[in-house]
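J.: Letter by letter, the sequence shown follows residues 292 to 1289 in my numbering. Beta carbons: idealized from backbone N, C-alpha and C, even for Gly. Values in this document were obtained by computation on a predicted structure and should not be read as measured data. Take a look at this one; I'll ask things after.
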Amino acid sequence: MHYRDLSIELNMEIETEISEPGDTPLECQDINELNNFFSASNFSVMTINIRSIQANWDELVCYLDQMTDKPKVIVLTEIWYSPHCNYATAYRLPAYNLCVSTTTINKACGVIVYTAKDINIDVQEEWEVIGASVISTKFTLDSHDFMLVCMYRSHVATISEFNNDLKLKLQTSSHNGITIITGDINLNIMETNENVEIAEYYDFLHELGYISWINVPTRGNNCLDHIMVKAPRNTFTRSKSAILKISITDHFPIAFAIEAPSGHTNNTAKNPTVKKLDVNKFKEIMKLVDWSPVYMIYDINQAFDTFLCILHNCIEICTTYVKPKNHKHRKLKPWITSAIVNSINHRDELAKRLKINPGNNTLREYYIKYRNKLKALLIKTKNDFFENQLALSDSISKVWKTINSALGRMGDEPIAIKKLIYKGDEISDPEVIANKLNEYFTSIGEKLNSEFSNYNPERDLPNTVQTKMSFRGTTEEEVFKTITSIKGGTGPGWDGISSNLIKNNALYLTSPLTHMINLSLLKGQFPDALKIAVVRPLHKKGTKTSANNYRPISLLSNFAKIYEKIVKTQLTWYLDTNNLLATSQYGFRKNLSTQDAVADVATKLSNGINESNKMIGIFIDLTKAFDSIETSRLILKLDRIGLDNVAVRWFTSYLTNRKQYVQFQDTKSSMEPITYGIPQGSVLGPILFLIYIDDLFSLNISGSFVAFADDIAIIVEEKTWELAHTSADIAMNKVTKWMTLNSLTISLTKTKYITFSINKIGQPTVSNLIVHCENCNPEPLTCTGTCTKLEKVETIKYLGLTLDQHLKWKEHVNGLVLKIRKSFHFFILLRNWLSMRNLRMVYYAYVYSILIYAIIIWGGAYASNFRSLDIVINSVLRIASKSNRRTPLVNLYTNFDVLSPRMTYIYRLAIFVHKSWDSLRKTVNARPTRGNVSRFLAVDLPKNDFYNRQLPWLAPSVFEYLPIPIKTSNPHSLFKKNLYQYLMNHTNANMIRQKFKF
């Protein structure tokens, strides 16, 4: 007698923790019965053989959308795993975490496990079991420990090999709680008396204490999908299993549920009511508000507190308490209609009738036709929905929102931190976790600054400028424009007032805000209420129990942003008018971008190499630079750049006595003071950082700086490698000293340098760059203490551009290829229900945006290094248009109406020259040049083939080659249109390729 027969004989009369099953599980004929099955459960799991998640995802979502009570865990087997698919975005479900197996066995392999976000996962890992994809998940739920083993077994390995591996894994994975094995095992356990290997599988599981909960056919006449459960006694009163008679694939979904004992309550908090603001009523009340109490107060803090009190009173009057929306009935996908759901249910009913009457050919024929029409209807409904959404998208942000919705990408959900390990202590109390995170975030700057001994904020300050800046009063017109310019949709700060509420009532808020801002500027004081930040911890990567793996996202009052915008306008005007910021700083400055910064780096390097000079690039990494700013030194620097006493007093008030608290979900920490750093999330923060770091670029070094905020590069150019290394050594040590004086920390392990040359032969034989410690002799630099040798690398990523030591751009192109290749799966999904026009829009939003970044710098790469990019773009267009490999490339690009990668480079390069005409002419003619005077832009002649591929030569050369009617086109929009049409012509494109050896 096998253990299966014994378990049936024992039946459910034996009292165990989980009641043993009867002969048959519950058969749920429809979604309503399944809802009833899950509704009373404390824990539940549903397993579905999806047989290609790409093919059947939409139908699965339609079923899940009907479930008012969803299982805690959803397991999908036979997903047809693809390493090119980003499952976390393409197949994400709200309120669930996702884990996908990456074991590649055959085409059909793969398992996805969705676990509800309220489950505290301890360990989730893949198991190596021959012939199977397996994910093991250990978690705690309501004080009970679970281990869930989810698997799909293919036919690659023998049953005996699979049995041996699985048995060993189960025996070595010690677990004293409830263990559930579920999945498509492809072993018919109804044949245990006929098949020795299947009997072996069934028997060893029972020997280990597992009971089978599915003992009926799940596919045809075979029971291939299993749920095996092992549990200790006396925890749960009753358990149950079910199969769902639906027709996503030829396997029936299976389910298992454990009901909570009587008296047990679910620990999920339930809010009986939520607040709802009547915005129309609020606007009507705002028209009648008397702001005279604010106008009569000349104390900065009292005035703002009174203003805020009036606002909160108005909000309270317009707020009602309503029952929260039942998210159980929220659609998983917006395109799902009741007609679709009814059609799916009708098809399932036809399938059941056909199973009862398999010989009814008329019914079979009708079922097949109906099934196929339903499949087409699903595609068309989804297609029409997103086509309409894209047609209504009047901005790039709305286009992206629609695309992300179509691809299953959703915004980040509120984070729940259930456990934190801080200074060796394991913490589970939410309030303590919030307090410890706040302690960690506020101590970052202090810890970094504690490393600087004998710090003096007044030491070696920059020289005082002769100009002076005084605040001017603002006007109601300026304040109104400022209010309407703030970004809508941003969340509220601690005061609970959103940007949309302020913008929608700008007309009524302008007058009191103008009064308070002028009062603030006149007295040189910033309101204390606007110095409070709410910090949301955002998980970056790594374990969620480490505070170091969370990034603090600060939310400030939206009123603070209005104050700051008024001040920033005056401050930036003063800085720009008096040229007080270094030209080598590109960060946070009008009309400048990261592309301008990397173009500066690449131009300096290529020009130097063309002159046969030896080039070294040092790329500095600063540790939490914005958090490390020493406030008192920043205030002294503000004084040195010419701010008058009132302005300095205002910034002193703005920067000091700031506070923050951490909040996640409904948990708040206590308030902590912020003693270091620039206010994160503030309007003024970036420009204040530029002021703080600006005198770095005045250092007397034999080299030049290029920076985008705290991303700093030093470019050294000398005639010999010996001189270059000496200059780089001195420059780096001057920079290190400056950083120490200014309480900024260089990460010497992440700071790298490259020696640039045309080829390997031009590289130095010996290359050491050393950052000297304080004990070293200054002149000549001689090591007497512990010094750090910087790492020399062959490639480095700077501001998104991968620089290599020979500027051939192969590594950058390879990185782009890998990034663009990830879009394959998206286009496979989208091509079925988007028109060619909208697919082109997706191409521009996703692929083109990646392709064009800094392309004017690297786009001249040799054809051998560029070819892989051509291939991957060709593949994207073939996938999107469902074209085969025989389709001529000319037709492919013409039909899609996009430029090839190389012509995209020509297009962007010519646009760059056309827009930068005057500045380029001045830049180029600032140095001795040779060449044809008939050129639009004079350039240095290349002294080697290397220079022929670089921006300084190619930019004017390519522009000169264009036909005169095109390059003289004006305005700029007409130039772009004519240029695009010219480059789309295959003959013109070939001529350019031949001319420039592309």
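In whole angstroms, give me the CA-to-CA distance for D356 and S1174.
T.: When rounded, the distance between both Cα atoms is 34 Å.
J.: What are the boundary residues of the beta strand (DSSP E) that includes S424?
T.: Looking at the DSSP string, the run of the beta strand (DSSP E) that includes S424 is 423-432.
J.: To the nearest angstrom, report how far apart N882 and L1142 are at their CA atoms.
T.: C-alpha separation (whole angstroms): 21 Å.
J.: Assign I1255 to buried or exposed, taking buried as 16 or more other Cβ atoms, counted over all protein chains shown, within 10 Å of its Cβ.
T.: Classification of I1255: exposed, given that the 10 Å Cβ count is below 16.
J.: Return helix, strand or coil for A1145, following the three-state DSSP convention.
T.: Three-state result, A1145: coil.
J.: Taking the straight line between their C-alpha atoms, what separation do you get for L846 and A1201?
T.: Rounded to whole angstroms, L846 to A1201 spans 42 Å at the Cα level.
J.: Among residues of its own chain, excluding the 5 on either side of K822, which ones have a beta-carbon nearer than 7 Å to its beta-carbon?
T.: Excluding residues within five positions, the ones whose Cβ falls inside 7 Å are N948, R949, K950.
J.: Please classify E369: is it buried, with 16 or more other beta-carbons within 10 angstroms of its beta-carbon, or exposed?
T.: Label assigned to E369: buried.
J.: Using only CA atoms, which one of R924, L929, L728 lies nearest to N839?
T.: Of the listed residues, the one whose Cα sits closest to N839 is L728.
J.: By Cβ distance, which residues of its chain are closer than 6 Å to Y658, with the 5 residues on each side in sequence left out?
T.: Excluding residues within five positions, the ones whose Cβ falls inside 6 Å are L641, L645.
J.: Whose CA, out of A851, S1159, L934, lies closest to the CA of P1192?
T.: Checking every option, the nearest Cα to that of P1192 belongs to S1159.
J.: Indicate the three-state DSSP secondary structure (helix, strand or coil) for E416 in the structure shown.
T.: E416 falls in the strand class under three-state DSSP.
J.: Quick check on T1259: buried or exposed, where buried means 16 or more other Cβ atoms within 10 Å of its Cβ?
T.: Classification of T1259: exposed, given that the 10 Å Cβ count is below 16.
J.: What is the residue span of the beta strand (DSSP E) that N340 lies within?
T.: Where N340 is concerned, the enclosing beta strand (DSSP E) stretches over 332-340.
J.: Quick check: the Cα distance between E1082 and N1182, rounded to an integer number of angstroms?
T.: Going from the Cα of E1082 to the Cα of N1182 covers about 48 Å.
J.: Distance check for S719 and I708, CA to CA, integer angstroms please.
T.: Taking the straight line joining both Cα atoms gives about 9 Å.
J.: Identify every run of the beta strand (DSSP E) within the region 664-739, keeping only runs that are complete inside it and at least 3 residues long; order them along the chain.
T.: The region 664-739 contains these whole beta strand (DSSP E) runs: 711-713, 716-718.
J.: How should G500 be labelled, buried or exposed, when 16 other C-beta atoms within 10 angstroms of its C-beta is the threshold for buried?
T.: Looking at its Cβ environment, which holds fewer than 16 other Cβ atoms inside 10 Å, G500 is exposed.
J.: Alpha carbon to alpha carbon, how far is P544 from D409? Give it in angstroms, no decimals.
T.: Rounded to whole angstroms, D409 to P544 spans 23 Å at the Cα level.
J.: How many whole angstroms separate the CB atoms of K859 and L975, which I take to be in contact at a CB cut-off of 8 Å?
T.: Correct: roughly 6 Å between the Cβ atoms.
J.: How many Å lie between P1055 and G972 at the Cα?
T.: Going from the Cα of P1055 to the Cα of G972 covers about 45 Å.
J.: Beta strand (DSSP E) containing D356: first to last residue?
T.: Premise fails: D356 lies in the alpha helix (DSSP H), 344-357, not in any beta strand (DSSP E).
J.: How would you call L1092, buried or exposed, if buried means at least 16 neighbouring beta carbons within 10 angstroms?
T.: The residue in question, L1092, is buried, as its Cβ has 16 or more Cβ neighbours within 10 Å.
J.: Would you list the one or two residues that DSSP bridges to Y1089?
T.: Its beta-bridge partners are L1092.
J.: Using 8 Å as the cut-off, can you tell me whether the region 1101-1112 makes contact with the region 663-678, which would need three or more C-beta pairs spanning the two stretches below that distance?
T.: No, the region 1101-1112 is not in contact with the region 663-678.
J.: Is Q886 helix, strand or coil when you go by DSSP?
T.: Residue state, collapsed to three classes: helix.
J.: State the Cα-Cα distance for the pair I403 and C390, rounded to the nearest angstrom.
T.: Rounded to whole angstroms, I403 to C390 spans 6 Å at the Cα level.
J.: Give me the Cα-Cα distance between E482 and R510, rounded to the nearest whole angstrom.
T.: Roughly 14 Å separates the two Cα atoms.
J.: How is S1225 classed by DSSP in three states: helix, strand or coil?
T.: Only weak support exists for where S1225 lies, its pLDDT of 29 falling under 50; the coordinates are left without a value.
J.: Could you check where the alpha helix (DSSP H) with G1106 kicks off and where it finishes?
T.: Note, G1106: alpha helix (DSSP H), 1101-1112.
J.: Looking at T473 and N347, is the spacing between their C-beta atoms short of 8 Å?
T.: It is not a contact, given that the beta carbons lie outside the stated cut-off.
J.: Excluding the 5 residues flanking R842 on each side, which residues of the same chain have their C-beta closer than 6 Å to its C-beta?
T.: Hits under 6 Å: L829, K831.
J.: Start and end of the beta strand (DSSP E) containing V366?
T.: Note, V366: beta strand (DSSP E), 364-368.
J.: Assign K536 to one of three DSSP states: helix, strand, or coil.
T.: Coil at K536, not helix or strand.
J.: Suppose you measure from the CA of T775 to the CA of T765; what does that come to, to the nearest Å?
T.: Each residue's alpha carbon lies about 16 Å from the other.
J.: Using 8 Å for Cβ pairs, my map puts Q886 next to F762. What's the rounded Cβ distance?
T.: Q886 to F762, Cβ: 34 Å. No contact.
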